[in-house]
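Okay, structure first, notes after.
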Amino acid sequence: MISTLVIKAVRACNLRCPYCYYINEDTQAYGITLSDTLIHRLYQTYGDYASGREDAVNLIWHGGEPLILGRRRFQEILDAQAPYFGDAQVRNVVQTNGTLIDAEWVDFFHDNSVGVGISLDGVRDTHDAMRFDSHDRGTFDRIVEAINLLERSGIGVGVLCVAGPEIDGVAFLRLLKELGIHGCDFLIPMTNHAVQRQPGQEVDMEKVGKVLRDAFLHWVGDDNPEIRVPLFESLILNALGLRSVCSNAGATFEQLETVAVIETNGDICMDVEFGEIDRLAGGDEYRLGANLADQDFNFARVEEMLKSRTEAKGLAETPSECWPCPARTMCRGSHPGSRYDDLDGSFQHRSAYCEAMLPLSLEVVDYLDRSGLRPNLIDPRLRTVA
Ligand code: SF4
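And the structure:
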């Protein structure tokens, strides 16, 4: 079932983060928002699809910067949901850069039960170097202020951190603890084999691996279950043969059919890693070929499209290049989008994140060994100490 829609509410932003896949010098149709007609069509079709199902559905309001829409417009968007969703449980979340949040926005989130995710790229120096506004001003102080406002009013904040090569993962986790944050997902800087070959675009994955390993060791050493880190938890679960939910730890078939992205023009898409293939590597992998405005549009058909795309491209399979890898049951080829290579147009390659994921996975194995769990590892090759 498609349980999460990532809705690109607006293609505009008040920041100029250099790694942004959405807002850059070449962004076409900058300033476009999802129209009222498309929003009602989205609610009507998704409400029909979700009605009678027990699980909650998640609407993640994304951009660009979704808060640019303003409170009045956002209130209209939320108020329009009631007639369409019946008794389905709808959870609204905004994923924001945090810079526009003030006391009124906090009241708005509180009154409308809207969850908040904020992007924070490490401590002040790395964050300000990567996330600055159109006047080149860093945004760290504004975001910390926003987090404090939210926390004081009892709204828990989830943080997303792009684990770039310059991040100090340990200092970052200490900062989260000071701020009272309970959830942090580390994102690996998006790339794939085609992009890694492009001069100036490549990401130093060895350094990313060090950032993640340092953060992992601090996380387990601190033994603070209040800070949840899905990437680390997923590697542990995968190692033990349990079910993980993190696409950077190898998306499962079920996961790939649960999320769809809605573009500002109504196009239905795969997740943004596939958008990077199109933007930087000349692919055609992001759009599924359906639009909310299509006369016969429905989400049951989108679910079929996600399934058939996943099957046809082998996105949920661990690629054969990963079979000899000692970490294959944990990393599972990492995010399928990161396996793309334009030389053959296929996803049947080890991940371009491999230089980060292999050392991180082996660090997790060492930790499980120290915890006496080596005999429980699902891969027999990992059960004996090398
Ligand atoms: S660490 Fe590398 S080789 Fe091993 S499963 Fe992950 S991507 Fe494949």
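Residue numbers (our numbering): 19 to 404. Backbone N, C-alpha and C fix where the C-beta goes; we use that ideal spot for every residue, glycine too.
Gln113 versus Val134 - alpha carbon distance: Gln113 and Val134 have their C-alpha atoms spaced approximately 6 angstroms apart.
So which of Pro183, Asn166, Ala269 and Leu230 has the shortest CA-CA distance to Leu194? The candidate whose alpha carbon is nearest that of Leu194 is Asn166.
What is the DSSP secondary structure of Arg155, reduced to helix, strand or coil? Of the three classes helix, strand and coil, the one that applies to Arg155 here is coil, per DSSP.
For Arg29, which residues from the same chain have a beta carbon less than 8 angstroms from its beta carbon, with the 5 sequence-adjacent residues on both sides left out? Tyr40, Ile41, Thr45, Ala47, Tyr48, Gly49, Ile50, Thr51, Gly81, Gly82 and Thr282, listed in sequence order.
Closer than 7 angstroms: is that where the CB of Met375 sits relative to any heavy atom of ligand 1? Flag set: Cβ of Met375 near ligand 1.
Leaving out the 5 sequence neighbours to the left and right, which residues in its chain are closer than 8 angstroms to Cys287 when beta-carbon positions are compared? So the list reads Ala278, Val279, Ile280, Glu281, Gly293, Tyr304, Arg305 and Leu306, once near-sequence residues are dropped.
In chain order, which continuous runs of the beta strand (DSSP E) of length 3 or greater are located wholly inside the segment 100–141? Correct list: 108–114 and 133–137.
Residues near Ala164 by beta carbon distance below 6 angstroms, same chain, minus five either side: Taken in chain order, the residues that qualify are Gly116 and Ile119.
Given a threshold of 16 other Cβ atoms within 10 Å of its Cβ, counted over all protein chains shown, does Asp362 qualify as buried or as exposed? So Asp362 ends up on the exposed side.
Is it right to say Asp129 is buried, meaning 16 or more other beta carbons lie within 10 angstroms of its own, or is it exposed? The residue in question, Asp129, is exposed, as its Cβ has fewer than 16 Cβ neighbours within 10 Å.
Leu202 bridges to which residues according to DSSP? The question names Leu, but residue 202 in the sequence shown is Cys. Cys202 has Val177 as its beta-bridge partners, per DSSP.
Taking contact to mean at least 3 C-beta pairs separated by less than 8 angstroms, is the segment 310–328 in contact with the segment 337–349? The segment 310–328, when compared against the segment 337–349, does not touch it at the 8 angstroms Cβ threshold.
Is it the case that the Cβ atoms of Ser131 and Asn76 are separated by a distance below 8 angstroms? For Ser131 and Asn76, no; Cβs fall outside 8 angstroms.
Below 8 angstroms between beta carbons: does that hold for Trp79 and Ile161? Contact: no.
Tyr433: which of Gly284, Glu373, Glu291 and Met375 sits nearest, CA to CA? As displayed, the chain neither begins before 19 nor continues past 404, which places residue 433 out of reach and without an answer.
With a cut-off of 8 angstroms, do at least 3 Cβ pairs link the segment 94–110 to the segment 63–70? Contact between the segment 94–110 and the segment 63–70 is established, with three or more Cβ pairs separated by less than 8 angstroms.
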